[in-house]
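Working notes for the structure below.
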Amino acid sequence: MSQTSTLTGSHPEGFGSTARIDNWWLGPVLTLLGLLAFLIYGTWAAWQDGNFEIRQHTGSPEVFRQANNPALYPYLSPFYSPLIYDAQSTHAWIKGRNLKEEWHLPWWFPFSAGFLILAFPGAFRFTCYYYRKAYYRAFWADPVACGVGEPRKSYWGENSLPLILQNLHRYAMYFALFFLLMLTFDALMAFWWPTTRAKPTELIADGGHTVGIGVGTLIMVINVVLLTGFTLGCNSVRHLVGGRLDCFSCPKNPENVTTGYKLWRFSTMLNEHHMEWAWASLFSVGFTDVYIRMCSLGIWQDFRLL
Ligand code: FES
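Mind the numbering: the sequence shown is residues 505 to 810 in our numbering, read in order.
Here is the structure:
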């Protein structure tokens with residue numbers, strides 16, 4: 505059912521008209537720039553189908569270019585986790601295969617191990633209640649801010665296509681929980697370093713492992729902490745763990761209601777800062793990929809701390 509949205513009271517009408525004297529436009533502009541930067545970088549990174557792990561670290565550009573050995577650092581970019589396929593990586597689920605080459609897809613075709621997975625966490629963020637508010641304002645200016653004139657009068661809400669698809673958020677949450685588990689596993693594996701033997705021009709993994717910590721390990725752990733804060737503070741998680749109950753103390757509720765209440769309180773505590781978790785985790789996901797990519801290309805050098 506359609507409704508009509510108009511500014512009432514003493515507010516002037518017309519797009520951008522307002523009686524507000526604060527910098528109301530700053531939030532939407534920063535949101536627009538931040539989300540655009542992430543979208544452009546994420547798409548570009550997924551297109552590369554490479555440099556999602558560090559395969560050499562001798563500092564020789566020639567050896568970096570060869571990149572024929574398994575990863576000598578235990579890092580994996582969150583843009584490529586889980587790694588569905590790869591011709592050389594030990595992280596890959598389908599090892600020894602490059603599907604894009606095997607299927608003779610041109611370089612410009614948007615297919616890669618990254619593209620195969622990014623739709624799932626992408627759908628979770630795209631349908632997030634906070635992000636909806638943010639990009640409705642930043643991209644569609646509808647409304648651009650509270651008490652500011654809108655570009656159009658009609659309003660259909662989220663009750664019809666295409667915005668009714670935002671209701672998929674509750675299902676996207678399950679995928680997000682799965683990806684969070686995957687990234688937590690990756691962060692733990694970032695403490696489990698392949699041991700190597702040196703050859704004159706390169707280092708070769710010798711099949712053994714040892715515990716270690718590098719700068720990349722810390723970056724991956726921080727990324728998982730921030731993603732956990734964002735994911736577990738989701739409104740759908742709140743509903744899942746306790747919000748579906750009308751009354752926590754009613755006798756008709758199951759005995760484990762106390763656990764549900766504690767989980768709901770914890771999720772609610774995170775939810776109160778959902779916007780901050782959303783931005784911090786978005787930045788950390790992007791930066792973790794940038795860090796691993798730069799080290800993989802030999803432009804930055806990772807430091808082993810332990
Ligand atoms: Fe933001 Fe679910 S409400 S992730």
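Heads up, the beta-carbon is just placed ideally off N, CA and C, and yes, glycines get one too.
Predicted, not measured: the structure shown is a model, and the values here were computed from it.
Worksheet item: What is the DSSP secondary structure of residue 563, counted as helix, strand or coil?
Response: Interpretation of residue 563 is limited by its pLDDT of 49, a score under 50 that renders its predicted location unreliable; the figure taken from the coordinates is listed afterwards. Residue 563: coil per DSSP, three-state reduction.
Item to complete: Locate the alpha helix (DSSP H) running through residue 689, then write down its first and last residues.
Response: 673-693
Discussion item. Taking its Cβ as the centre, do 16 or more other Cβ atoms sit within 10 Å of residue 623, making it buried, or is it exposed?
Written reply: exposed
Worksheet item: On the three-state DSSP scale, how would you describe residue 768?
Response: helix
Worksheet entry | Run of the alpha helix (DSSP H) containing residue 719, from where it starts to where it stops | 719-736
Item to complete: Evaluate residue 663 with the Cβ neighbour count: other Cβ atoms within 10 Å of its Cβ, from every protein chain shown; 16 or more gives buried, anything less gives exposed.
Response: exposed
Worksheet item: Going by C-alpha distance, which of 775, 766, 727 and 747 is nearest residue 882?
Response: A question about residue 882 goes unanswered here, because the residues of the chain that appear run from 505 up to 810.
Worksheet entry | Distance cut-off 7 Å: residue 740 Cβ against heavy atoms of the ligand FES | yes
Worksheet item: DSSP three-state call for residue 763: helix, strand or coil?
Response: helix
Worksheet item: When the Cα atoms are used, what is the spatial distance from residue 805 to residue 764?
Response: 46 Å
Fill in: C-alpha gap between residue 646 and residue 551, whole angstroms
32 Å
Item to complete: Output yes or no for whether 8 Å exceeds the beta carbon distance between residue 577 and residue 724.
Response: no
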